[in-house]
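Number of protein chains: 2
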Amino acid sequence: MKLTVVKIGGNVIDNQEFCRSFLQDFSQIEGPKILVHGGGKIATNIAEKLGIETLMVDGRRITDKPMLDVVTMVYGGLVNKSLVAQLQSFNTNAIGLTGADGGVILSRKRPVKEIDYGFVGDIEKVDSGQIAGMLGQGLTPVFAPLTFDRDGNMLNTNADTQAQAVAVAMAEEFEVNLVYCFEKKGVLSNPEDDDSVISTLIPSLYEQYKASGAIFKGMIPKLDNAFKALSEGVSQVIICHAAEVKQAVSEGIAGTKLVLS
Amino acid sequence: MKLTVVKIGGNVIDNQEFCRSFLQDFSQIEGPKILVHGGGKIATNIAEKLGIETLMVDGRRITDKPMLDVVTMVYGGLVNKSLVAQLQSFNTNAIGLTGADGGVILSRKRPVKEIDYGFVGDIEKVDSGQIAGMLGQGLTPVFAPLTFDRDGNMLNTNADTQAQAVAVAMAEEFEVNLVYCFEKKGVLSNPEDDDSVISTLIPSLYEQYKASGAIFKGMIPKLDNAFKALSEGVSQVIICHAAEVKQAVSEGIAGTKLVLS
Numbered sequence: 001m002k003l004t005v006v007k008i009g010g011n012v013i014d015n016q017e018f019c020r021s022f023l024q025d026f027s028q029i030e031g032p033k034i035l036v037h038g039g040g041k042i043a044t045n046i047a048e049k050l051g052i053e054t055l056m057v058d059g060r061r062i063t064d065k066p067m068l069d070v071v072t073m074v075y076g077g078l079v080n081k082s083l084v085a086q087l088q089s090f091n092t093n094a095i096g097l098t099g100a101d102g103g104v105i106l107s108r109k110r111p112v113k114e115i116d117y118g119f120v121g122d123i124e125k126v127d128s129g130q131i132a133g134m135l136g137q138g139l140t141p142v143f144a145p146l147t148f149d150r151d152g153n154m155l156n157t158n159a160d161t162q163a164q165a166v167a168v169a170m171a172e173e174f175e176v177n178l179v180y181c182f183e184k185k186g187v188l189s190n191p192e193d194d195d196s197v198i199s200t201l202i203p204s205l206y207e208q209y210k211a212s213g214a215i216f217k218g219m220i221p222k223l224d225n226a227f228k229a230l231s232e233g234v235s236q237v238i239i240c241h242a243a244e245v246k247q248a249v250s251e252g253i254a255g256t257k258l259v260l261s
Numbered sequence: 001m002k003l004t005v006v007k008i009g010g011n012v013i014d015n016q017e018f019c020r021s022f023l024q025d026f027s028q029i030e031g032p033k034i035l036v037h038g039g040g041k042i043a044t045n046i047a048e049k050l051g052i053e054t055l056m057v058d059g060r061r062i063t064d065k066p067m068l069d070v071v072t073m074v075y076g077g078l079v080n081k082s083l084v085a086q087l088q089s090f091n092t093n094a095i096g097l098t099g100a101d102g103g104v105i106l107s108r109k110r111p112v113k114e115i116d117y118g119f120v121g122d123i124e125k126v127d128s129g130q131i132a133g134m135l136g137q138g139l140t141p142v143f144a145p146l147t148f149d150r151d152g153n154m155l156n157t158n159a160d161t162q163a164q165a166v167a168v169a170m171a172e173e174f175e176v177n178l179v180y181c182f183e184k185k186g187v188l189s190n191p192e193d194d195d196s197v198i199s200t201l202i203p204s205l206y207e208q209y210k211a212s213g214a215i216f217k218g219m220i221p222k223l224d225n226a227f228k229a230l231s232e233g234v235s236q237v238i239i240c241h242a243a244e245v246k247q248a249v250s251e252g253i254a255g256t257k258l259v260l261s
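Protein chains in written order, with the UniProt record's numbering: chain A, 1 to 261; chain B, 1 to 261.
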C-alpha cells in the first residue's frame, strides 16, 4: 500500500495564509499520509518576549531547559494543534503527535562531545506498528519536531531527520513516497536562478554539484537525509516547493526527484 | 470491561514533585485508563510575561485570541507533553490529545448571550469509537482541556466537564470509574475541617449541604458535573485527594463516593 510522508519547513508555518492553502492541498492527497512539520520563527519570537536567550556555540543552536520548554510549547502545542485543527476543517482526521505520544519515536539525548547541544534528540527507534495502527484507524499523524527519551525528557529534534526516520520505518510495510517541501521549486543547479531546477538527481551528480559549490550549506544535510531514506527502502523522494505538493505527489512532475541510479 | 477516567487539577500540575509522584501512582492503575488534566498557573504566568492581559467580565475569565494561543501552547504543549513523557518513563504508553486530535471531542464556540466568553468550547460530541481504538492499541489517552470546532478553531474547555463528557461517552462500551482528584481529601461537610470528609454523597444530601452553605462555590459545578456523569451511565464517581488515587480506584475506600440513591 502507498503512503505519502510530507515534510514542511518553518517558512510555510510562518505564513498563515500560505500555510492554510498548503494544508488544503495536503488534505486532498489520496490514501494514507503523514505530515512532519518544522518549527518556524514563532519559537524564537516567543523566547525573546519571555527573556530567554537563544544560546549558540560555534554557530550551533543549543537547547537548554528554558528553550526546551519554549519549543515544547510552541512546536508541540501552538503550531501542531493549529495545523491539526485546520486539517480537521478540511475533513482530514489529523492527530498531532510528538515522538513521546504513543511512544512512537524514541531518541537519546545527544552525547556531549565537543559541544553540549542540550536537550536534543538523536532518533533511536520508530514504532512503525503503532503509526500503522493509527493510519488503519483513518488518522493522519502530524508530527512536531520533538521526541523523548527513556528518562521522561522531551527532546528537540531535527524535522528533516525525523521525516526521514519515519519514512524509512514505514517502508517496511508501505510503499513510501517522501516529499520535502520548502521555499524553492526544487534543488537548483544554479543557486542564483530559481528556475534552474534539477529534475532528477543521482548520487554521482550530487557529488559533482557539491564539489562545484552549486549545492551548499543547508541543502547538504537535507539531501544527505533524503538519499539516506532512499538507500534504506523509501520508494521515492521528491524535493519541491510547498505550493506544488499535489503535483509532486499525484503526478511526480514537480521539483527534484532523487534516484539512486 | 472496566475503564478508569481520572481528572487532575492545576494544583497537581503546579507542584512538580507531587505531580511526578501522582503520575507514578496513576501508572500503576490496572486496566485501560484515561487522564484528563486542567491548566494550572503556568498559563497565567506565561501570559503575564508575554504582556497578555487576563480579561475578566463579571468575574468570568474570557479567552480572547492571544489567550487562546497561550493556553494552546501551555496546556496542549508544555503541560500535556511533560505528563506524557513522564508517564512513558513509568512504562505507561501515554498519548497526549486535545479534542482536535483524531477529532475525538468536537465542540462549538459558546454562543454570545450576556457575556462573550471568546474561544471557549461547549462539548457537542465525543468520538468514543476512536478513543476505544486507542485503548485497544494499549494507549493511555492524556487529554488537555482543549477542544475544537468545525471551523478549524481550537477552543478552551473546562477540564471537569471534559472528563465527565469523556466518561459518559465511554460508558456506552465500558464500565467506567470516574475519579476527580483535587487538593482536599473529599467533599467536606465542614469546609473548616479538612477531615470532615463525606464518605457517600446522594443527591438529597447534596441539596441539603448546598442549602446549609457547607458545599459552595467551585464545588457546585464540580459536583453537578459528577452527578451528571452518574445519571448518564458512568458506574462510579469518586472525588478524592490526588495522593489517594490508587486507594480510590483499586479499593474504593478514599474520598467521597457519589451515588444516585
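In this text, a Cβ means the ideal position worked out from N, Cα and C, and glycines have one as well. Bear in mind that the values here come from a model prediction, so they are computed numbers and not experimental data.
Need the endpoints of the beta strand (DSSP E) that residue 182 of chain B sits in, please. Residue 182 of chain B -> beta strand (DSSP E) spans 175–182.
For residue 44 of chain A, go through chain B and note every residue whose CB falls closer than 7 Å to its CB, in chain order. None at all; the shortest Cβ gap to chain B is about 14 Å.
Would residue 145 of chain A and residue 213 of chain A be called neighbours here (beta carbons separated by less than 8 Å)? It is not a contact, given that the beta carbons lie outside the stated cut-off.
Does residue 191 of chain A come out as helix, strand or coil in the three-state DSSP assignment? Reduced to three states, the DSSP call for residue 191 of chain A is coil.
Quick one, which residues of the stretch 84–100 of chain A are near chain B if we go by CB-CB under 9 Å, in chain order? Flagged, chain order: 84, 85, 86, 87, 88, 89, 90, 93, 94, 95, 96, 97, 98 and 100.
Residue from B:57, B:82, B:215 and B:203 whose Cα sits closest to the Cα of residue 16 of chain B: Considering only B:57, B:82, B:215 and B:203, the residue with the shortest C-alpha distance to residue 16 of chain B is B:82.
What does the Cβ neighbour count give for residue 200 of chain A, buried or exposed, with the cut at 16 atoms within 10 Å? It counts as exposed.
Close Cβ partners of residue 209 of chain A (< 6 Å) along its chain, the five nearest in sequence each way excluded: Once the five neighbours on either side are set aside, the close Cβ partners of residue 209 of chain A are 215.
Name, in chain order, the residues that DSSP records as bridge partners for residue 148 of chain A. In DSSP, residue 148 of chain A forms a bridge with A:106 and A:154.
Beta-carbon proximity list for residue 170 of chain B, same chain, < 6 Å, skipping 5 on both sides: So the list reads 3, 128 and 176, once near-sequence residues are dropped.
Is residue 137 of chain B close to chain A? Criterion is C-beta to C-beta, closer than 8 Å. Interface residue, yes.
Looking at chain B, which residues of the stretch 46–80 of chain A have a Cβ within less than 8 Å of any of its Cβ atoms? Along the stretch 46–80 of chain A, the positions whose C-beta sits under 8 Å from a C-beta of chain B are 46, 49, 50, 51, 69, 72, 73, 74, 75, 76, 77, 78 and 80, read in chain order.
State whether the stretch 98–115 of chain A contacts the stretch 182–189 of chain A, with contact taken as three or more CB pairs (one from each stretch) at a distance under 8 Å. Not touching, per the Cβ criterion.
For residue 100 of chain B and residue 96 of chain A, what's the separation of their Cα atoms in angstroms? Rounded to whole angstroms, residue 100 of chain B and residue 96 of chain A show a C-alpha spacing of 8 Å.
Find out if the Cβ-Cβ distance for the pair residue 243 of chain A, residue 178 of chain A is shorter than 8 Å. No.
Tell me whether residue 151 of chain B is buried or exposed, calling it buried when 16 or more other Cβ atoms sit within 10 Å of its Cβ. The residue in question, residue 151 of chain B, is exposed, as its Cβ has fewer than 16 Cβ neighbours within 10 Å.
Which chain B residues sit within Cβ distance under 8 Å of residue 154 of chain A? The answer, in chain order, is 81, 82 and 85.
Below 8 Å on the Cβ atoms is my contact criterion, and I expect residue 78 of chain B with residue 102 of chain A to pass it. Report the Cβ-Cβ distance as a whole number of Å. In fact, because the Cβ distance is near 19 Å, the residues do not count as touching under 8 Å.
Taking Cβ positions only, does residue 130 of chain B come closer than 8 Å to chain A? At least one chain A Cβ lies under 8 Å of residue 130 of chain B.
Span of the beta strand (DSSP E) holding residue 143 of chain A? Boundaries of the beta strand (DSSP E) around residue 143 of chain A: 140–143.
Give the DSSP-derived three-state secondary structure of residue 249 of chain B in the structure shown. Under the three-state reduction of DSSP output, residue 249 of chain B falls in the helix class.
Going along chain A in order, which residues have a C-beta closer than 7 Å to the C-beta of residue 151 of chain B? Identification of chain A residues near residue 151 of chain B by a Cβ-Cβ cut-off of 7 Å yields 89, ordered along the chain.
Enclosing beta strand (DSSP E) for residue 159 of chain B [first to last residue]: Secondary structure note for residue 159 of chain B: it is in no beta strand (DSSP E), and the uninterrupted alpha helix (DSSP H) holding it is 159–170.
Please classify residue 32 of chain B as buried or exposed, where buried requires at least 16 other C-beta atoms within 10 Å of its C-beta. Answer is buried; the Cβ neighbour count reaches 16.
Is residue 36 of chain B near residue 166 of chain B, with beta carbons less than 8 Å apart? It is a contact, given that the beta carbons lie within the stated cut-off.
Report the rounded CA-to-CA distance for residue 86 of chain B versus residue 154 of chain A, giving the unit in angstroms. In a straight line, the C-alpha of residue 86 of chain B is about 9 Å away from that of residue 154 of chain A.
Please report the distance separating the alpha-carbon of residue 237 of chain B from that of residue 219 of chain B. The straight-line gap from Cα to Cα measures roughly 14 Å.
Between A:261, A:222, A:217 and A:221, which lies nearest to residue 235 of chain A when the distance is taken from Cα to Cα? When each option's Cα is compared against that of residue 235 of chain A, the closest is A:261.
Residue 125 of chain B - DSSP class collapsed to helix/strand/coil: Strand, per DSSP.
Grab me the residues of residue 9 of chain B's own chain with a C-beta within less than 6 Å of its C-beta, minus the 5 sequence neighbours each way, in chain order. Only residues of its own chain outside the window of five on either side were considered, and among them 38 and 182 have a CB closer than 6 Å to the CB of residue 9 of chain B, listed in chain order.
With residue 6 of chain A as the anchor, note down where its beta strand (DSSP E) starts and where it stops. Note, residue 6 of chain A: beta strand (DSSP E), 2–8.
Does the ligand SAH have a heavy atom nearer than 7 Å to the CB of residue 174 of chain A? No copy of the ligand SAH occurs in the structure displayed, which carries no ligand at all.
For residue 62 of chain A and residue 55 of chain A, which I take to be in contact (beta-carbon distance under 8 Å), what is that distance rounded to the nearest angstrom? Yes, they are in contact, since the Cβ atoms of residue 62 of chain A and residue 55 of chain A sit about 4 Å apart, within 8 Å.
Counting only beta-carbon atoms, is residue 40 of chain A nearer than 8 Å to chain B? Not an interface residue.
Can you tell me whether DSSP reads residue 260 of chain A as helix, strand or coil? In the three-state scheme derived from DSSP, where H, G and I count as helix and E and B as strand, residue 260 of chain A is classed as coil.
Contained alpha helix (DSSP H) runs [length at least 4] in the stretch 21–49 of chain A, N- to C-terminal order: Fully enclosed alpha helix (DSSP H) runs of 4 or longer: 42–49.
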